[in-house]
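Student: Here it is, the structure, as structure tokens.
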DNA sequence: TTGTAGGCGTTATCAC
DNA sequence: GTGATAACGCCTACAA
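This is the structure:
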């Protein structure tokens, strides 16, 4: 009785109720223009209830030509950031009756996962943490796509304000009197990281501080990456007094490196992360950071996608010019505010240090 | 062109190749007993390739009466443990051509999510972190189910050896000379926690140590739960010298409470977690713990489920006695070994302390 | 070797 | 009001 062999179908309900199968369908879908005799409707509903009839969503999808399922593509759960985005996304999707097909992809197999999703007729896809620009354009262009944390002229997107995050970081550190500062982050095509770096660098430049190349340290966007990078920073002949990291994972790695090297936070060095993941509150001192509303990013991404879906569904049932109508208007891009969260790793600059680079 | 309006179908391929649609199907499915003219096959394959034909998995599912999709039910990603289980599961599923439908459920909406999954005709379900016993049995009994970390007589399961974990914890702490020890964990129906506690308590009892009720502290299975619980432990008139926590999250909360209270780890107190999540290596000193192979749990759960699926698929195509044949044999239960990981939070007992309770 | 017929479980559009 | 009929895209017989 496993593979649906014993499932009750609409036909079964019809047989028992002594009506035709389409009539059952008519009643069950609550179609407004379904004018059926009250007593028939009553009987059918009762019987359906009794034998536990549940419509087969796959069959529905086939005829409706939409599956009411969306794909969510994330890079890895090692970063809790994406777990939270996913969580927010799943919640909203479930509430709206959509299923979430999960794809956790490395750089290599993104295309295959995407194809698998398309083969399953997902109505749309949410892409987080994987640069859309690295995907073959043809894989995407017949799909409804919403990007998370990567603004795009081509697709709709929902992003935390990464550039503002960088600016906030700079402002915070400057306000504490730091003048010799560093940045640790990946050399990547992921826009969020680039924007954080840019916002940071430009805000510094605005007050006359230019980051020399040894103060922009490249690291993988992970704990170990941050750890290694911070070791290099600490080895510098002329250490910075503050470090801003591209994300909390990197910052936590850096935090650990400081601990191991006996560098006191924040007295010897100020350290600032970005994202605000829970792990940041576990270390001592707790990590100062820039908050990105992770769950909210996922939730909004889904809402945006669903709105797109409704739009294309409506227009495609109307005229044939569905794609045109949608593509004509610029894709919506939501930017959610970033917020500084001061905890224990940032403090005033050591007096006398780094007044000029 | 969004909702599959413009998708190429097998019929389209057939038309262009000048053959019938079933012939295309025959060739594309690589059916062994499909004896088609090499040149026809060649032509069809070429054309399919050219116009980018991809079979509609939904339509396939409808006729095959199986969707090649599985559901994964997890409680929350706030605990990285489940994120990793999910990750392992997704990987194996994807490799086998199965889709993963994600359901993140609270205690309340588990049933609805389960129904949603069934409506979508998932071939099976993996349940982690949600007590199967709390689910209405009827929701489960026409489904292929594999439980993670909760042994069951009714369903197949894959679990870390939680009882052994408790024993290892006890042995480790005893070996360090601790005699007055405490346990922090939730009062829950989740078997893994119960087993950890039981293994721990019984191993202690085996050497004549009985945990008084104030040394078994109840806490929510979260960081904040652990934090609150440890505060209570520290307030005890007669403090234990070592504490074992039901999982790492709790232990990390406890770790934090110690830091706040100025209790030095491991000199003043030994602290031991369970699971081995990455966060444990970020705190100072790093958390000693019992490793549970999280990703492996997810991976094996899927493998087990897939094996079940193949079995029921095979038998149901053979005789009609599918369910019987499967149910007759006890459901397979895999137990993966736990392993002690000694890091920085466990050390020898303070001399003179707690030689007797 | 290939085409034709039928069906998977729904929904939508008609005649009746 | 209700019941055929025709899709949706695919696959498995069986017939040609």
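Protein chains in written order, with our numbering: chain V, 1 to 357; chain D, 1001 to 1357. Note that the Cβ used here is the ideal one computed from N, Cα and C, for glycine as well. Only a predicted model underlies this, so the values are computations on that prediction, with no experimental measurement involved.
1) Under 8 Å by Cβ, that's how I've got residue 265/V and residue 255/V pegged, so tell me the actual separation to the nearest angstrom.
2) When the Cα of residue 76/V is compared with those of 1063/D, 1083/D, 1181/D, 1250/D, which residue comes out closest?
3) Pick out the complete beta strand (DSSP E) segments inside the stretch 1242-1311 of chain D, 3 residues or longer, and give them in chain order.
4) Could you tell me whether any Cβ in chain D is nearer than 9 Å to the Cβ of residue 155/V?
5) Residues in the same chain with beta-carbon distance under 7 Å from residue 1086/D, minus the five sequence neighbours each way, listed in chain order, please.
6) Residues of chain V with CB closer than 8 Å to the CB of residue 1121/D, please, in chain order.
7) Run the CB neighbour count on residue 202/V, radius 10 Å, all protein chains shown included, and call it buried at 16 or more, exposed below.
8) Between residue 1151/D and residue 1186/D, which are expected to be in contact by the criterion C-beta below 8 Å, what is the C-beta distance as a whole number of angstroms?
9) Is there a C-beta anywhere in chain V that falls below 9 Å from the one on residue 1012/D?
10) Quick one: complete alpha helix (DSSP H) runs, 4+ long, within the stretch 1167-1230 of chain D?
11) List the residues that DSSP assigns as beta-bridge partners of residue 1334/D.
12) Rounded to the nearest angstrom, how far is the Cβ of residue 1027/D from that of residue 1007/D, given a contact under 8 Å?
13) Report the residue from 1100/D, 1115/D, 1189/D whose alpha carbon sits nearest the alpha carbon of residue 55/V.
14) Below 8 Å on the Cβ atoms is my guess for residue 1252/D versus residue 1279/D; work out the distance and round it to an integer in Å.
15) Spatial neighbours of residue 302/V within its chain, please: CB distance less than 6 Å, with the 5 preceding and 5 following residues excluded, ordered by chain position.
16) If contact means a Cβ-Cβ distance below 9 Å, which residues of the stretch 1183-1212 of chain D contact chain V?
17) Determine, using beta carbons only, whether residue 118/V comes closer than 9 Å to chain D.
18) Tell whether a beta-carbon distance below 9 Å holds between residue 1350/D and residue 1293/D.
19) Are the C-beta of residue 256/V and some C-beta of chain D separated by less than 9 Å?
20) For residue 1320/D, count neighbouring Cβ atoms within 10 angstroms of its own Cβ and tell me buried if that reaches 16, exposed if not.
21) With a threshold of 8 Å, establish whether the CB of residue 1241/D neighbours any heavy atom of the ligand ZN.
22) Closer than 7 Å by beta-carbon distance: list the chain D residues that pair up with residue 283/V, in chain order.
23) If distances are taken between C-alpha atoms only, which option among 179/V, 48/V, 282/V comes closest to residue 244/V?
24) So what's residue 88/V in DSSP terms, helix, strand or just coil?
25) Straight-line CA distance for residue 1346/D to residue 231/V?
26) Tell me which residues of the stretch 1078-1092 of chain D have at least one Cβ-Cβ distance to chain V shorter than 8 Å, keeping chain order.
27) Do you know how far the Cα of residue 218/V is from the Cα of residue 193/V?
28) Taking all protein chains shown into account, do 16 or more other C-beta atoms lie within 10 angstroms of the C-beta of residue 330/V, making it buried, or fewer, making it exposed?
29) For a contact defined as C-beta to C-beta under 7 Å, what are the partners of residue 1230/D on chain V?
30) Since residue 107/V meets chain D, which of its residues come closer than 7 Å, beta carbon to beta carbon?
31) Leaving out five residues before and five after residue 1159/D in sequence, what residues of the same chain have Cβ atoms less than 6 Å from its Cβ?
32) Across which residues does DSSP place residue 1104/D in a beta bridge pair?
33) Measure the C-alpha to C-alpha separation of residue 1173/D and residue 1105/D and round it to an integer number of angstroms.
34) Alpha carbon to alpha carbon, what distance is there between residue 1130/D and residue 1145/D?
35) Can you list, in chain order, the residues of its chain with a C-beta nearer than 6 Å to that of residue 1288/D? Leave out the 5 residues immediately preceding and following it.
36) Return the CA-CA distance between residue 1157/D and residue 1143/D, expressed in angstroms with no decimal places.
Tutor: So, from the listed chains and residues:
1) 7 Å
2) 1083/D
3) 1242-1245, 1270-1275, 1288-1291
4) no
5) 1072, 1074, 1298
6) 4, 56, 57, 58
7) exposed
8) Their Cβ separation, rounded to whole angstroms, is 18 Å, which puts residue 1151/D and residue 1186/D out of contact at 8 Å.
9) no
10) 1191-1206
11) 1158/D
12) In fact, because the Cβ distance is near 19 Å, the residues do not count as touching under 8 Å.
13) 1115/D
14) 6 Å
15) 89, 92, 93
16) none
17) yes
18) no
19) yes
20) Residue placement at residue 1320/D cannot be trusted, given a pLDDT of 39 that sits under 50; what the coordinates show is reported in the next sentence. So residue 1320/D ends up on the exposed side.
21) Because no ligand of any kind appears in the structure shown, any question about the ligand ZN cannot be addressed here.
22) 1282, 1283
23) 179/V
24) helix
25) 27 Å
26) 1078, 1080, 1083, 1084, 1086, 1087, 1090, 1091
27) 11 Å
28) exposed
29) Per Cβ cutoff of 7 Å: no residues; residue 1230/D is ~13 Å from chain V at best.
30) Here the premise fails: no neighbours, minimum Cβ distance about 15 Å.
31) 1149, 1151, 1335
32) 1074/D
33) 36 Å
34) 13 Å
35) 1272, 1342, 1343, 1345, 1346
36) 14 Å
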